[in-house]
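Note sheet for the following structure.
Residue numbers (this note's numbering), protein chains in the order written: chain A, -8 to 456; chain B, -8 to 456.
Encoded structure:
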């Protein structure tokens, strides 16, 4: 046993990732020579999520074979961790009864997620064949709008009654433990199933067996509605350090819970989505490199065209100033420098404002405060960069007036960009749009158009053109 | 009771945020008229993290008064949720004995976090006055490097022995429940305290009282070392849907655990850090708007200067091509358009690669695959944008050759930028540097310099200058 222990910890030291790679290679080799018993043995000490990874890495023809090596209980857990694409492939490959067995035993929330991806026809067929209870569960979840708490909750929780003793509650927890999503958070409901309190298993364990639930439960509840945004629900769970958060319907009846492991995944996906939008990539979730290539290209193209059109304004402005440019071609030399630096100052502002709005560090009430703060920052940074720019352009061109134009422009651009970079995300959030749409590249482009305008205006003024 | 219940759920419907605002306003009003009893009553149904928020929103002079309204147990919980700045202020304001009471009862991980922020002199004084056990705990955590699993773990966990019966283990869980961080994950250690297995409270509850821990425990362990990066530890916990992950030292002895609530906060902070770096803002964590103004300015300035210096290369290039420019001033008109669009295509690539590397969706083994994939995307997008650009520039200038130069440049820039935007984050990751440093603005700037070079080269070629 001690050896086993040493082994399992020393496996750690070669790092989880290397271990996963190793399992995957071994599995593939054994399947290639059709050594099914060997493959089974390799998988014994591997955790379900790692098995799922290993299966995903196999050639398509081998995936179903590998999956069939698993025991029934393990198969369900592994299946829940597979990507929708692979899940779907396995469904098509399996005997009807095997598929049904797995579908019936999956967690309702994982099943709903899979059904979202499957063709409607397949979903109807599968739904019709589920057991009565599971069918109702799934239909319930699929009835809520995408991205709401209702859609991602699990209806498998433990509910208690106020009048029960602690002993009876513990008995119920023990009985439901094998089939319910969590036994650590238990919820108290009244006669018409309205949520009235919360008890943690920890408090149940500490309490005396003869105490009633009403005596020890926490009446000070935090819950969400079925139509609450899923990210909002996950953030509440994070804020209050909960292991689960209850979901109620319009009549305040308890209909499900969201557990912490799902909340982490939601926050992860939403953040990836925000980051991708911020970089100008419209993405559905967090699996960019697993998304189909052409759908990515389409989304990226759409966005680039919009930025391209805004950029065209800059050409129009310079075109209109062609005469000025003819008299001082040197001005063109500094266009990239001014645009890059101005855009960067502004994109810094939009980055922190968008992240602040998304994580609720700031809200729209603080818009004016934030704009002022960022504008002051922009002025200070612009002053510093302006001085450096004057030195640099004088060194490059030897013309003090031009140097002055460049430095002054940089100062004005910095202030303008920070204001635009701060104000636009707030404006979008105020209008109920996603502030992340006012992402860094948009801000950069807008700042560039403004910058070119300012540049030529200042040049005309100072150079008397 | 039912009224209370209805109230607490209907409070939900006015949204948590509005409720928090309400509490804060009421608290301030009551403290202003010195109605301490009223203020106490307002806080009774409020959760600790919301009380902490309300106190942070009060004027400094009132914070200590509000804090003193809390019962001792509540005070500790609220204190753990306060920002370090406010925590520090309260320490200075309190009687020595009150401070010690709170310090002694705080969770070791929260205390270590506070001590990081306090002046060394204060920490020494406080450490000396802690109880022996708590002093050891804190010194232990502070001994590990920042951002490691050791620094953020809690040494308060429940350990079991293999030979124990389930009954004895449950008894221990019950006894330690009031003081330990979690009772839901329990760890089995051998005679020299090496980690040998894991049992969930759920499995304990299901098992027969007379079974031994050795029979029901899971020997297939996932654990991290004290020097594992804290983000890595949190991601493992997320991957395996754990409620806690054990931390072992070099001798494989169990020294602490990281719980899921701390893991969520770590992932949140690390993501904010990544997003900020990505936008060109070097930030320590996720509280940008709560950080001191001038330290932010300093960090932003440093970064801008680096980008500025890279941008200067673009001026040098254009300066060198002044003769070409003199002959075809029209070329200057399209500089911003080419730079914006090229930079954006590249920053899309760097965004998805950096996120993919950070979340482990891709790793350095796939670098060549990713570069090829992005280059093809760049070629397709560049082709599309190039055609649009030819139409637009011909419409604006009426010169087909110039239009051809612009379109061709856009195509070449797109391919170059996607390659640079994909390759540089991989290179940084390969060199052990944070790939997020190769953020969108950096990529944009590098793409711009390359773009200007390509532009004039193609212009000379096509226009025969």
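In this text, a Cβ means the ideal position worked out from N, Cα and C, and glycines have one as well.
Fair warning: this is a prediction, and the values are worked out from it, not measured in the lab.
query                                                                                                                 : result
Residue 343(B) at chain A interface by Cβ criterion, 8 Å                                                              : yes
Cβ neighbour criterion (16 or more within 10 Å) applied to residue 193(A)                                             : buried
Identity of the residue in 451(B), 200(B), 414(B) and 117(B) nearest residue 342(B) by Cα                             : 414(B)
Cβ pair residue 97(B), residue 70(B) closer than 8 Å                                                                  : yes
Minimum length 3: unbroken beta strand (DSSP E) runs contained in the region 204 to 291 of chain B                    : 235 to 239 and 245 to 250
Element boundaries [alpha helix (DSSP H), containing residue 195(B)]                                                  : 192 to 197
For residue 187(A), the three-state DSSP class (helix, strand or coil)                                                : strand
is_contact[residue 310(A), chain B] using C-beta, thresh 8 Å                                                          : yes
Cβ contact check for the region 420 to 440 of chain B and the region 349 to 367 of chain B: 3 or more pairs under 8 Å : yes
Rounded straight-line distance, which links the Cα of residue 10(A) to that of residue 236(B)                         : 18 Å
In DSSP terms, what residue 122(B) is bridged to                                                                      : According to DSSP, which records beta bridges pairwise, residue 122(B) is partnered with nothing at all.
Local Cβ density within 10 Å of residue 154(A), reported as buried at 16 or more and exposed below that               : exposed
Extent of the continuous beta strand (DSSP E) run through residue 135(A)                                              : First-last for residue 135(A): undefined, no H or E at that position.
Collapsed DSSP secondary structure at residue 446(B) in the structure displayed                                       : helix
Rounded separation between residue 212(B) and residue 178(B) - CA only                                                : 10 Å
Test: residue 450(B) CB closer than 8 Å to a CB of chain A                                                            : no
Pair within 8 Å by beta-carbon distance, residue 219(B) and residue 140(B)                                            : yes
Short Cβ contact (8 Å threshold) for residue 240(A) with residue 143(A)                                               : no
CB-CB length for residue 298(A) against residue 331(B), believed under 8 Å                                            : 7 Å
Residue 406(A) and residue 438(A) closer than 8 Å at C-beta                                                           : no
Three-pair Cβ contact test at 8 Å for the region 443 to 452 of chain A versus the region 11 to 29 of chain B          : no
Alpha-carbon spacing of residue 0(A) relative to residue 33(B), whole angstroms                                       : For residue 0(A), the predicted structure reports a pLDDT of 39, less than 50, and the residue's modelled location is therefore unreliable. A value from the coordinates is still provided. Each residue's Cα considered, the two are about 51 Å apart.
Inside the region 284 to 347 of chain A only - alpha helix (DSSP H) runs reaching at least 4 residues                 : 284 to 311, 313 to 318 and 321 to 324
Residue burial classification, residue 20(B) (beta-carbon count within 10 angstroms, cutoff 16)                       : exposed
Residue 383(B) at chain A interface by Cβ criterion, 8 Å                                                              : yes
Contacting residues, own chain, Cβ-Cβ under 6 Å from residue 113(B) (five flanking each side not counted)             : none
Proximity to residue 200(B) [Cα-Cα], best of 35(B), 159(B) and 228(B)                                                 : 159(B)
Collapsed DSSP secondary structure at residue 180(A) in the structure displayed                                       : strand
Residue 251(B) versus residue 353(B): straight-line alpha-carbon distance, rounded                                    : 24 Å
is_contact[residue 259(B), chain A] using C-beta, thresh 8 Å                                                          : yes
For residue 32(B), the residue or residues it bridges with in DSSP                                                    : In the DSSP output, where bridge partners are listed per residue, residue 32(B) has none listed.
Proximal residues of chain B, C-beta to C-beta of residue 313(A) below 9 Å                                            : 320, 321, 323 and 324
Assigned exposure category for residue 459(A) - 16 Cβ within 10 Å defines buried                                      : Absent from the structure is residue 459(A), since the part of chain A shown begins at -8 and ends at 456.
Backbone CA spacing between residue 226(B) and residue 255(A) [nearest angstrom]                                      : 10 Å
Rounded C-alpha distance that separates residue 442(A) from residue 371(A)                                            : 18 Å
Residue environment, residue 151(B), which counts as buried when at least 16 other CB atoms sit within 10 Å           : buried
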